[in-house]
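Participant: Okay, handing you the structure first.
Residue numbers (the working numbering): 171 to 387.
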């Protein structure tokens, strides 16, 4: 079945806080009319593959919208990955194997400020249903968005990670980010001496002292 895909921000009622959280997931919104058809004969979460030409993304349905019947609202990273614009996208069920290990490369080190960085990453991945090598994913870690590259999965391809205890391997060592420091305030410059003013007064003649002397100012 084919749908038009737009970013999640087009949802009519979703709050800004919820929107930020949903953008760091692979959850999509479908119309109320299509929800029953897509979820027919299943009481459990289903993984779907969105295909646009040779590009594809794996998602799950996280809710409904009140818009047009054949419109899907997806996180911005999904829209960017598919590169579809207003073109139609094929939506079909996918059946990835269950996996429990992935290897990632974070784009920044803010996550290392968490008490347990690896556990923080594991919790962030709970918003996802399916992971595949080559994905560039946004994660919500400690209230901040972190982008990671998925380098490997233990299935060698897409794996379903829902309901499993995920093992996350980070490429390279986990190095704590340096704490932010206040910028140094420069010392005030000493006032330069004014050499244009004379240090001594003009010569003064004293009849009690032969010669010429100078009076200190």
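Cβ coordinates follow ideal geometry from the N, Cα and C atoms, glycine included.
Would you mind sorting residue 183 into buried or exposed? The rule is 16 or more other CB atoms within 10 Å of its CB.
Facilitator: Answer is exposed; the Cβ neighbour count stays below 16.
Participant: Could you give the C-beta distance for residue 272 and residue 301, rounded to a whole number, given that I count them as a contact under 8 Å?
Facilitator: 6 Å
Participant: So, using beta-carbon positions, are residue 318 and residue 275 closer together than 8 Å?
Facilitator: yes
Participant: Alpha carbon to alpha carbon, how far is residue 255 from residue 173? Give it in angstroms, no decimals.
Facilitator: 12 Å
Participant: Could you compute how far the alpha carbon of residue 393 sits from the alpha carbon of residue 209?
Facilitator: The first residue shown for the chain is 171 and the last is 387, placing residue 393 beyond what the model contains.
Participant: Is it true that the CB of residue 220 sits closer than 8 Å to the CB of residue 288?
Facilitator: no
Participant: Using DSSP with H/G/I as helix, E/B as strand and the rest coil, what is residue 271?
Facilitator: strand
Participant: Go to residue 250, then tell me how far its alpha helix (DSSP H) extends in each direction, as first and last residue.
Facilitator: Residue 250 -> alpha helix (DSSP H) spans 246-252.
Participant: Let me know the alpha helix (DSSP H) ranges lying completely inside the region 199-241, each 4 residues or longer, listed in chain order.
Facilitator: 202-208
Participant: Would DSSP call residue 189 helix, strand or coil?
Facilitator: The three-state reading of DSSP puts residue 189 in helix, counting H, G and I together.
Participant: Do the region 284-298 and the region 329-336 meet, that is, are 3 or more Cβ pairs less than 8 Å apart?
Facilitator: yes
Participant: Look at the alpha carbon of residue 236 and the alpha carbon of residue 342, and state the distance between them as a whole number of angstroms.
Facilitator: 45 Å
Participant: Below 6 Å CB to CB, which residues in the same chain sit around residue 192 once its five sequence neighbours on both sides are set aside?
Facilitator: 178
Participant: Taking the alpha-carbon positions, what's the residue 281 to residue 316 distance?
Facilitator: 8 Å
Participant: Would DSSP call residue 259 helix, strand or coil?
Facilitator: strand
Participant: To the nearest angstrom, how far is the alpha carbon of residue 238 from that of residue 340?
Facilitator: 41 Å
Participant: Return the first residue and the last residue of the beta strand (DSSP E) that residue 314 is part of.
Facilitator: 314-323
Participant: Count the other CB atoms within 10 Å of the CB of residue 299; is the residue buried (16 or more) or exposed (fewer)?
Facilitator: buried
Participant: Is DSSP giving residue 194 helix, strand or coil here?
Facilitator: coil
Participant: Using a Cβ-Cβ cutoff of less than 7 Å, which residues in the same chain neighbour residue 227 once the five nearest sequence positions on both sides are dropped?
Facilitator: 220, 248, 251, 252
Participant: Is any heavy atom in the ligand NAP found nearer than 7 Å to the beta carbon of residue 239?
Facilitator: Here there are no bound small molecules, and the ligand NAP is not part of this structure.
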